[in-house]
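Remarks on the structure that follows.
In the working numbering, the protein residues as written are 553 to 650.
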């Protein structure tokens, strides 16, 4: 089982750390295509479980395993996580709207 280092990832956008995390877990050194269905990348159920846990630990968002195994793209997940992070920031949070 791969252990992921969580240091300095919390401040990064999902577009920075999610592709790197998927690539690390799959052993892919090349940049991942953001418009390719995640199910075509070779993610198996164990890797999907690891991704789901990592995303929840980093963002608090719960992503169903099936989403990593199907037709959803990396771009779809990154946009959703970024939108959720912006919604969580709210107007009173640091960097939130006034």
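Beta carbons: idealized from backbone N, C-alpha and C, even for Gly. Here the structure is a predicted model, which means the values were calculated and not measured.
Which word fits residue i, buried or exposed, when buried means at least 16 other C-beta atoms lie within 10 angstroms of its C-beta?
i: residue 610; result: buried
i: residue 595; result: buried
i: residue 570; result: buried
i: residue 601; result: exposed
i: residue 607; result: buried
Since residue i contacts residue j with CB under 8 Å, what's their CB separation in whole angstroms?
i: residue 622; j: residue 591; result: 5 Å
Quick check on residue i: does DSSP put it in helix, strand or coil?
i: residue 564; result: coil
Sorted by chain position, which residues of the same chain lie with C-beta nearer than 6 Å to residue i's C-beta, five sequence neighbours on each side aside?
i: residue 637; result: none
i: residue 620; result: 590, 595, 600, 603
Apart from the five residues just before and just after residue i, which ones in its own chain have a Cβ nearer than 8 Å to its Cβ?
i: residue 589; result: 622, 623, 624, 625
i: residue 578; result: 593, 594, 595, 599
Go through the region 566-626 residue by residue and report every complete run of the alpha helix (DSSP H) that reaches 4 residues or more, in order. 566-578, 597-611, 617-621
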